[in-house]
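Student: Protein chains in written order, with the UniProt record's numbering: chain A, 1 to 295; chain B, 1 to 264.
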Amino acid sequence: MTLYAALGAVEQGLVYGIMVIGVYLTFRILDFPDLTVDGSLPLGASISAVAITSGVNPYLSLLLALAGGFVAGMVTALLNTKFKILHLLASILTMIALYSINIRIMSGPNIALLGVDTVFDSVIRLGVPSHLAGLIVFGLFALLVLLCTIWFLSTEIGQAILATGDNPQMIRSLGVNTHTIIILGVGLSNGLVALSGALVAQNQGAADVGMGIGTIVAGLASVIIGETVFGCTTMARAFIAALLGSIVYRLAIALALGLEFGDFRFNPSDLNLITAILVIGALIAPNLKKRLIQR
Amino acid sequence: MISLTDIIKYFHKGSVNEVFALNSINLEISEGDFVSVIGSNGAGKSTLLNCIAGVFFPDSGSIRIGGTDVTGWPEYKRARLISRVFQDPLLGTCPSATIEQNMALARLRGKKRGLGRGVKKSDRDYFREQLQKLGLGLEDRLLDKVGLLSGGQRQALTMLMATMIRPEVLLLDEHIAALDPKTANQILNLTQEIVSSIKVTTLMITHNMKHAISFGNRLIMLHQGRILLDLRGKEKEGLTVKDLLTQFYQAQGEELAMDSLLLS
Ligand SMILES: Nc1ncnc2c1ncn2[C@@H]1O[C@H](COP(=O)(O)OP(=O)(O)OP(=O)(O)O)[C@@H](O)[C@H]1O
Ligand SMILES: [Mg+2]
Numbered sequence: 001m002t003l004y005a006a007l008g009a010v011e012q013g014l015v016y017g018i019m020v021i022g023v024y025l026t027f028r029i030l031d032f033p034d035l036t037v038d039g040s041l042p043l044g045a046s047i048s049a050v051a052i053t054s055g056v057n058p059y060l061s062l063l064l065a066l067a068g069g070f071v072a073g074m075v076t077a078l079l080n081t082k083f084k085i086l087h088l089l090a091s092i093l094t095m096i097a098l099y100s101i102n103i104r105i106m107s108g109p110n111i112a113l114l115g116v117d118t119v120f121d122s123v124i125r126l127g128v129p130s131h132l133a134g135l136i137v138f139g140l141f142a143l144l145v146l147l148c149t150i151w152f153l154s155t156e157i158g159q160a161i162l163a164t165g166d167n168p169q170m171i172r173s174l175g176v177n178t179h180t181i182i183i184l185g186v187g188l189s190n191g192l193v194a195l196s197g198a199l200v201a202q203n204q205g206a207a208d209v210g211m212g213i214g215t216i217v218a219g220l221a222s223v224i225i226g227e228t229v230f231g232c233t234t235m236a237r238a239f240i241a242a243l244l245g246s247i248v249y250r251l252a253i254a255l256a257l258g259l260e261f262g263d264f265r266f267n268p269s270d271l272n273l274i275t276a277i278l279v280i281g282a283l284i285a286p287n288l289k290k291r292l293i294q295r
Numbered sequence: 001m002i003s004l005t006d007i008i009k010y011f012h013k014g015s016v017n018e019v020f021a022l023n024s025i026n027l028e029i030s031e032g033d034f035v036s037v038i039g040s041n042g043a044g045k046s047t048l049l050n051c052i053a054g055v056f057f058p059d060s061g062s063i064r065i066g067g068t069d070v071t072g073w074p075e076y077k078r079a080r081l082i083s084r085v086f087q088d089p090l091l092g093t094c095p096s097a098t099i100e101q102n103m104a105l106a107r108l109r110g111k112k113r114g115l116g117r118g119v120k121k122s123d124r125d126y127f128r129e130q131l132q133k134l135g136l137g138l139e140d141r142l143l144d145k146v147g148l149l150s151g152g153q154r155q156a157l158t159m160l161m162a163t164m165i166r167p168e169v170l171l172l173d174e175h176i177a178a179l180d181p182k183t184a185n186q187i188l189n190l191t192q193e194i195v196s197s198i199k200v201t202t203l204m205i206t207h208n209m210k211h212a213i214s215f216g217n218r219l220i221m222l223h224q225g226r227i228l229l230d231l232r233g234k235e236k237e238g239l240t241v242k243d244l245l246t247q248f249y250q251a252q253g254e255e256l257a258m259d260s261l262l263l264s
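Structure, rendered in structure tokens:
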């Protein structure tokens, strides 16, 4: 792997790490398997891209994307809590609906950000070399999101979110409306996923309706790799591990894509297979380790 | 304090699995009463407590607590007035949170939760002081995850969490049934201590007739969704398990006689 490829992988790990933190919030904290993310990532991208092309400040467009993702998550959570639709199904419904909605937002399947200012341009104008702009912007945003998430989850409301995933019966008997908490949590999660999508779009210079495909798989792979490699004994550590897991995941993918066995090379289309193998590996690694130690 | 009027509760109404769980319950419980509730399996004891707590709504009838009509209040809203301890020690606490985090969650029972720190420094001394009362050494383990505690320790902690902020009503559903006899006795004594020190109106379900007789100032027996016996004050004092069984068969007999009368 070249240094250039490694740098690119770390960049990706950071920006998709924001998405992974969102996925961790639903999957692990709320125990709410949420597939909305495959739709809310391109939702964030399209909202941000459309906003910027119509003259909105690129930073403000990120906030709009976050809000859009939040609403998408709320819809899934409302379907689940108020209308008693199974969480997986509720999230698939929202995801499917978002496909059409994203095309509506962009008035087409994609939109280019040509000749408009993005958050990266504003950083480059400060004197940052352009090949480092991505790394710095993504790094700062990922760090900000990580710190905010850890802070929020240690507040009174945050603790109620943790308890809702852990023991909903108990926290309800302590006076917390678990429906409201789930709506808030799934909303926040998708807000982060949309933010991640918006940053990706600004960096790529385009938003595309298909860019969300496989988001959930990548998110889960990163979560599981993070837990296996870095541990999750405390809440803060678990979220740090999720972000680092995202970086390791992207590095592993880059490494695999660079492998050569004689004439054989992996194609980018083999990505899903590689991801599946990575997840399986991370899932069975703890078991394997135990068995090896016992021998 | 608590008044239940004509509470009727069916499960799966209209289906082949229909269960008539509460058959027009009328009950007045005064402030400070400690009521033990007995009855055979499926008598409707848990259903009665769940109706009071708002886990589900009765099909008809009304529930008032301290003069407020709470019939339509959801469970989380009733938590302002009611604390509960469940039979399963795992149900009352969050296993992956620490002891102090669990206590902080309970300290806010029924209150607004905001963006203040979940566990405040100033709370810690108070938590330690409270835990000391249990005499289980938990005061030195504030940062341990509750999942590491034994069932008895968890149940003691749950008892403390339920009463740390005084509720208007305390509901105990076989809260010692899952514990070994020695631990069960400790928790029972703790219950007695706490209930009498904060003078909270309490309903305690138990299958142990001796406990039902020796604890509390009132005893009710449920049978097939009805209140079959309601003994208080003098009637309850000096009661023996044998008396109780005799009264049960007597009351049941009367009921059977009534039924056959109605059917004939
Ligand atoms: N959620 C529910 N759905 C359907 N039926 C229920 C439900 N809860 C209780 N029942 C039924 O209602 C009846 C009363 O049950 P309840 O749990 O109140 O009994 P109990 O007196 O607490 O018995 P035990 O001593 O076994 O705990 C039983 O026939 C039970 O099967
Ligand atoms: Mg019961």
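The beta-carbon is built from N, C-alpha and C at its ideal position, and this holds for glycine as well. Since we're looking at a predicted model, the values are computed, not measured.
1. Any idea what DSSP makes of F86 of chain B, helix, strand or coil?
2. For the region 67-100 of chain B, which residues have a CB atom closer than 9 angstroms to at least one CB atom of chain A, in sequence order?
3. Taking 9 angstroms as the CB-CB limit, is K118 of chain B close to chain A?
4. Quick one: which residues of the region 210-227 of chain A get their C-beta closer than 7 angstroms to a C-beta of chain B? List them in chain order.
5. Between D166 of chain A and chain B, is there a C-beta pair that is closer than 9 angstroms?
6. Counting only runs that start and end within the region 88-160 of chain B, where is the alpha helix (DSSP H) found for 4 or more residues in a row?
7. I need the straight-line Cα distance from M235 of chain A to Y249 of chain A, nearest angstrom please.
8. Could you check if F207 of chain B belongs to the surroundings of ligand 1, using beta carbon to heavy atom distance under 8 angstroms?
9. How big is the Cα-Cα spacing for G210 of chain A and T228 of chain A?
10. Ordered along the chain, which non-local residues of its own chain (more than five positions away) have a Cβ less than 6 angstroms from that of A49 of chain A?
11. I'd like to know if I183 of chain A contacts chain B, where contact means its C-beta is closer than 9 angstroms to some C-beta of that chain.
12. Are the region 85-104 of chain B and the region 141-150 of chain A touching, with three or more C-beta to C-beta distances below 8 angstroms?
13. Roughly how many angstroms lie between the CA atoms of R237 of chain A and G231 of chain A, to the nearest whole one?
14. Could you run through the region 37-54 of chain B and flag, in chain order, every residue whose CB is less than 8 angstroms away from some CB of chain A?
15. Who pairs with T201 of chain B in a beta bridge, going by DSSP?
16. Is there a C-beta anywhere in chain B that falls below 9 angstroms from the one on I171 of chain A?
17. Specify the secondary structure class of I176 of chain B as computed by DSSP and reduced to three states.
18. Candidates A:D166, A:A160, A:S154 and A:A241: which alpha carbon is nearest K146 of chain B's?
19. Would you kindly report the start and end of the unbroken beta strand (DSSP E) that includes M221 of chain B?
20. How far does the beta strand (DSSP E) with E11 of chain A in it extend, from its first residue to its last?
21. So if DSSP puts T155 of chain A in a beta bridge, which residue, or which two residues, is it bridged to?
22. Excluding five sequence neighbours on each side, which residues of the same chain lie with their C-beta closer than 8 angstroms to the C-beta of I187 of chain B?
23. Is DSSP giving E28 of chain B helix, strand or coil here?
24. Considering only the alpha carbon of each residue, which of A:L162, A:G245, A:I124 and A:V56 lies closest to I21 of chain A?
25. Secondary structure at L244 of chain A, three-state DSSP: helix, strand or coil?
26. Could you pull the DSSP bridge partners for A112 of chain A from this structure?
27. Under 8 angstroms: does the beta carbon of residue 281 of chain B sit that close to some heavy atom of ligand 1?
28. Under the rule that 16 or more other beta-carbon atoms within 10 Å means buried, what is C51 of chain B, buried or exposed?
29. Do R113 of chain B and R80 of chain B have their C-beta atoms within less than 9 angstroms of each other?
30. Residues in its own chain within less than 6 angstroms of F215 of chain B by CB, not counting five upstream and five downstream?
31. Who does T215 of chain A pair with in a DSSP beta bridge?
32. In its own chain, which residues sit with a C-beta less than 7 angstroms from the C-beta of P74 of chain B, not counting the 5 before and 5 after it?
33. Would you list the residues sitting across from Y10 of chain B in a DSSP beta bridge?
34. State the DSSP-derived secondary structure class of residue 307 of chain A, mapped to helix, strand or coil.
35. Which two residues bound the contiguous beta strand (DSSP E) that contains L239 of chain B?
Tutor: In brief:
1. coil
2. P74, E75, Y76, K77, R78, A79, R80, I82, S83, R84, F86, L90, L91, G92, T93, C94, P95, S96 and A97
3. The sequence shown places Gly at residue 118 of chain B, not Lys. For G118 of chain B, the answer is yes, since a Cβ of chain A falls inside 9 angstroms of its Cβ.
4. none
5. yes
6. 99-107 and 121-132
7. 21 angstroms
8. Correcting the residue type first, residue 207 of chain B is His in the shown sequence and not Phe. Yes, Cβ of H207 of chain B sits closer than 8 angstroms to a heavy atom of ligand 1.
9. 30 angstroms
10. I111, L113, A201 and A207
11. no
12. no
13. 7 angstroms
14. A53
15. B:V169
16. yes
17. coil
18. The residue asked about is misnamed: residue 146 of chain B is Val in this sequence, not Lys. Residue A:D166 is the option with its Cα nearest to V146 of chain B.
19. R218 to H223
20. Unbroken run through E11 of chain A is the alpha helix (DSSP H), L3 to Y24; no beta strand (DSSP E).
21. B:R117
22. G152, Q155, A156, M159, H175, I176 and L179
23. strand
24. A:G245
25. helix
26. A:A206
27. Residue 281 of chain B lies beyond the range of chain B shown here (1 to 264); nothing can be said about it.
28. buried
29. no
30. S36
31. DSSP output for T215 of chain A lists no bridge partner at all.
32. G54
33. B:F20
34. For chain A, the structure presents residues 1 to 295; residue 307 of chain A sits outside this window and is missing.
35. Per DSSP, L239 of chain B belongs to no beta strand (DSSP E) and is neither H nor E.
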